[in-house]
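Note that the protein sequences, when read in sequence, are chains A and B. With the first sequence counted from 1, adding 4 to any position gets you the numbering used here. With the second sequence counted from 1, adding 4 to any position gets you the numbering used here. Ideal Cβ placement from N, Cα and C applies to all residues, glycine included. Right, one structure below, let's go through it.
Protein chains: 2
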Amino acid sequence: MAHFGKLAIIGLGLIGSSIFHATRRGALADLTVGFDASEDVRRRARSIGFADTIADTLVDCVADADLVILCSPVGSYQQIAKDIAPHLKNGAILSDVGSVKGAVVKAVGPLVPKGVHFIPAHPIAGTEFSGPEAGFKTLFDGRWTILTPPPGTDEAAVMRLKSFWQDLGSQVDVMDSSHHDLVLAITSHLPHLIAYNIVGTAHDLEAVTEGEVIKYSASGFRDFTRIAASDPTMWRDIFLNNRDAVLEVLARFDADLSILKRAVEQGDGQTLFDAFTRTRAIRRAIVDLGQDSAAPNFGRDKR
Amino acid sequence: MAHFGKLAIIGLGLIGSSIFHATRRGALADLTVGFDASEDVRRRARSIGFADTIADTLVDCVADADLVILCSPVGSYQQIAKDIAPHLKNGAILSDVGSVKGAVVKAVGPLVPKGVHFIPAHPIAGTEFSGPEAGFKTLFDGRWTILTPPPGTDEAAVMRLKSFWQDLGSQVDVMDSSHHDLVLAITSHLPHLIAYNIVGTAHDLEAVTEGEVIKYSASGFRDFTRIAASDPTMWRDIFLNNRDAVLEVLARFDADLSILKRAVEQGDGQTLFDAFTRTRAIRRAIVDLGQDSAAPNFGRDKR
C-alpha cells in the first residue's frame with residue numbers, strides 16, 4: 005500500500021475533491037492539504053471538509069508535501085509549476101490528472117527541480133459535473149489511470165504513484181505521453197468535440213425549435229447533451245493542448261462520415277447495414293470489461 | 005380513457021412488446037394479438053406471454069382488429085400493408101411506430117382501404133436492446149409520442165389514438181409528417197449516424213488497439229457505443245427513408261464542425277470556450293423537463 009505523509013492537491017474540482025474523498029477512504033495520507041485559485045471554491049471546499057486544510061496560498065499548500073497533484077485545467081499548469089518549483093521538497097512526487105500528456109511534459113517538465121519526481125498521470129474517470137461538490141469517493145473504482153513518466157524517471161517513484169492510484173480504486177497502465185494523447189483523442193476528445201458540435205447544430209437550426217429538441221431528446225440527442233455539459237475551460241485547454249492528435253482522428257472521422265453520407269445519398273442499404281452491425285461487438289466488450297452498465301439506457305429508466 | 009376491442013401488433017420487438025406490456029397494465033384492450041415474420045420471435049413472444057394470442061399469419065392477426073399497429077422495421081411496411089389491406093375492418097385505426105413519417109405516409113397511405121383511419125405515430129422512446137424480451141411496461145412513461153395524421157383524417161379517430169398513447173404513459177403531440185422528419189433528423193437520426201460513425205472510426209484506427217479503446221472508453225466513447233448498439237435493420241431503414249432531412253442536418257453539422265476544426269487548428273481558445281459554454285443550458289432544460297436523469301453519468305456510478 006502507498007502511504008504519503010502530506011498530500012497536496014491544487015485545483016478542487018470534480019477530480020481533486022474525489023482524490024481527497026478516496027484518500028480518506030483508504031487512509032492513504034497523514035495530512036491532506038488543498039488549494040484552489042478561486043476564493044469561493046476554497047470556501048466551499050472548507051465547508052465540505054474533504055481535506056484536513058484548505059491553504060490560502062500555493063506555497064502553503066505544497067510546502068513539505070510528499071505528493072503534489074495538479075488538478076486544475078491544463079492551461080494553468082505552467083504558471084503553477086513556476087510558482088511552486090522553488091518550494092517543492094526534495095524527493096517529492098509531482099503529478100497531475102490532465103487529459104493531455106505530451107503538452108504537460110513539455111510545459112511543466114523543464115520547470116521541475118532536480119530531486120523532484122515528475123510523473124504525469126490521467127485518471128480516465130469523471131462525470132459531467134464540476135466543482136468541489138461534484139467529487140465522490142468511488143469515482144475511480146474499476147476505472148483506468150494512465151501514467152506517462154518521461155524516460156529516465158525513477159522506477160521506485162513510479163511504483164509508488166501506481167500503488168497510490170490502485171489504492172484510490174483504479175487500475176493503472178503506463179505508456180508514453182504521445183501514445184496516450186492519440187488514444188485519448190479517439191476515446192475522449194473527439195467524442196466531446198462531436199457532442200459539443202451536434203448540440204450546437206441543434207441549437208442553431210431555424211426550422212426546429214429548441215423546445216422541440218428538448219422534448220424529443222430521448223431519441224438519442226440527450227446522451228450527447230450530457231457530454232456537452234462538461235466544463236468548458238477544461239475542454240478548451242484540452243483541444244488547445246492536443247491539437248495534432250485531435251486533428252488526426254478528426255480527419256479519419258470525416259473520411260468515414262463521407263462514406264456513410266454517400267450511402268445515405270445513394271440509398272445504399274448494404275453499406276449502412278454493414279456499418280451498423282460491426283459496432284455492436286465493441287459495446288458488448290465494454291460492458292463485459294466492466295467499463296459500462298449492462299442495463300438498457302444506462303439503467304436510467306424506472307422499470 | 006381509450007379502450008379497444010381487439011389490438012393487433014405486427015412486429016414483436018422492443019416497441020411492439022412494450023406496447024403490449026403497457027396495454028395490459030392499463031387494461032386498454034379486450035383482446036391482444038401479435039404477429040412477427042420470424043417464427044423464432046413468435047415462439048419467444050409466446051413463452052413471455054405479453055399478448056393473449058400470437059397469430060401465425062398476418063391475416064389472423066389483423067382480422068376484426070379495432071387498432072392495428074405496425075412495429076416492424078419501416079422498410080417492411082409497404083408489403084405488410086398490401087397483405088393486410090383486404091382484411092382490415094371497416095372503422096379500424098391503422099397506425100405504426102416508425103421513426104420516419106413522410107416515407108410511411110407515401111408508402112402505406114395509398115394502400116389503406118376507404119373506411120380505415122390511417123394515423124402514423126412515433127413514440128420517442130427506446131433502448132439499445134432489441135427483440136421481444138427487451139420490452140417493458142414503463143417504456144413510454146413521461147416520453148413523447150408524435151402523431152402525423154394526413155390532412156383530412158377523421159378527428160375522432162385521432163383523439164382516440166391520442167388517448168390510447170396517453171394511457172400507455174406517453175405525452176402526445178400532433179404535427180405534419182415533414183416537420184416530424186426534420187425534428188427527428190436532428191434529435192435522433194443524426195446522433196445515431198454520428199455515433200455509429202465514431203465507433204467505426206475507433207475500430208479502424210491502426211495506431212490504437214481495440215483493447216485500448218475498450219479499456220479507456222469511460223472518458224466519453226462508451227456513451228456513443230450504447231447508441232451504436234441499436235438495431236442495424238431498423239436504422240438502415242430509417243436512413244433509406246429520411247434521406248433529405250438527414251442530409252440537410254448533416255450538412256449543417258459538417259459546417260459547424262469545420263468551424264470547431266479551424267479553431268483547434270488555429271489555437272482559437274475563445275471560439276472553443278464559447279461553443280462549449282452555450283451547450284450546458286440545453287442539458288439543464290432536458291433534465292428540468294424530465295427527459296433525462298439529473299444524476300451524474302446517468303446515475304450509472306455506484307456512489
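Query, Result
"DSSP-derived helix/strand/coil call for B:Gln359", "Residue 359 of chain B lies beyond the stretch modelled for chain B, which goes from 5 to 307, so this question has no answer here."
"Whole-number beta carbon distance between B:Asn201 and A:Leu18, since they are thought to touch under 8 Å", "Not confirmed; about 29 Å, so no contact."
"Neighbouring residues, chain B, relative to A:Gln295 (Cβ below 9 Å)", "Ile218, Lys219, Tyr220, Ser221, Ala222 and Arg226"
"Option in B:Arg282, B:Val120 and B:Thr131 with minimal Cα separation from A:Asp208", "B:Arg282"
"Span separating the alpha-carbon of B:Gly15 from that of B:Thr27", "16 Å"
"Pair within 7 Å by beta-carbon distance, A:Ser221 and B:Ile190", "no"
"With 16 other Cβ atoms within 10 Å as the buried cut-off, status of B:Glu216", "buried"
"Proximity to B:Val104 [Cα-Cα], best of B:Asp296, B:Val116, B:Ala161 and B:Leu186", "B:Leu186"
"Range covered by the beta strand (DSSP E) that runs through A:Ser99", "Ile97 to Asp100"
"Where the segment 171-199 of chain B meets chain A: residues whose CB sits under 7 Å from a CB there", "Leu186, Val187, Leu188, Ile190, Thr191, Ser192, Leu194, Pro195, His196, Leu197 and Ile198"
"Members of the segment 254-270 of chain A near chain B, C-beta cut-off 7 Å", "Leu254, Arg256, Phe257, Asp260, Leu261, Leu264, Lys265, Val268 and Glu269"
"is_contact[B:Phe133, chain A] using C-beta, thresh 7 Å", "yes"
"Start-to-end residues for the beta strand (DSSP E) that takes in B:Thr36", "Ala33 to Phe39"
"Neighbouring residues, chain A, relative to B:Gly273 (Cβ below 7 Å)", "Arg240 and Leu244"
"Contact between the segment 93-103 of chain B and the segment 51-60 of chain B (3+ Cβ pairs under 8 Å)", "no"
"Rounded distance between the beta-carbons of A:Val253 and B:Thr205, thought under 8 Å", "7 Å"
"Counted within 10 angstroms of its Cβ, other Cβ atoms place A:Val322 as buried (16 or more) or exposed", "The question about residue 322 of chain A has no answer here: the residues shown for chain A are numbered 5 through 307."
"Strand pairing of B:Val217, partner residues [DSSP]", "DSSP, once it has assigned bridges, lists no residue as partnering B:Val217."
"Per DSSP, the bridge partner or partners of B:Lys10", "B:Leu35"
"Runs of alpha helix (DSSP H) wholly within the segment 11-86 of chain B (minimum 4 residues, chain order)", "18-30, 43-52 and 62-66"
"C-beta contact flag for B:Ala199 and B:Ile242 at 7 Å", "no"
"Contact list for the segment 274-285 of chain B against chain A, Cβ threshold 8 Å", "Leu276, Phe277, Ala279, Phe280, Thr281, Arg282, Thr283 and Arg284"
"For A:Asn245, the nearest candidate out of A:Thr61, A:Ile73 and A:Gly79 (CA to CA)", "A:Gly79"
"Test item: CB-CB of B:Gly38 and B:Ala49 under 7 Å", "yes"
"Contact set between A:Phe24 and chain B, taken where Cβ atoms lie within less than 8 Å", "Within chain B, no residue comes near A:Phe24; the closest Cβ sits about 16 Å away, beyond 8 Å."
"Reference B:Met238; option with closest CA among A:Leu276, A:Arg247 and A:Asp227", "A:Leu276"
"Three or more C-beta pairs below 8 Å linking the segment 119-128 of chain A and the segment 145-164 of chain A", "yes"
"Contacts of B:Gly204 in chain A (Cβ-Cβ under 8 Å)", "Asp260, Ala279, Arg282 and Thr283"
"Beta carbon of A:Ser92 nearer than 7 Å to that of A:Val120", "This sequence places Leu at residue 92 of chain A; Ser is not what is there. Yes, these two residues count as a Cβ contact at 7 Å."
"For B:His126, the residue or residues it bridges with in DSSP", "B:Ile150"
"Alpha carbon of A:Ala299 to alpha carbon of A:Arg288, nearest angstrom", "12 Å"
"Inter-residue CB distance, B:Leu71 and B:Thr36 (contact presumed, cutoff 8 Å)", "That belief does not hold up - the Cβ atoms of B:Leu71 and B:Thr36 are roughly 10 Å apart, past 8 Å."
"Reference B:Asp40, options B:Gln274, B:Phe8 and B:Ser76, closest by Cα", "B:Ser76"
"Any C-beta of chain B under 7 Å from that of A:Leu209", "yes"
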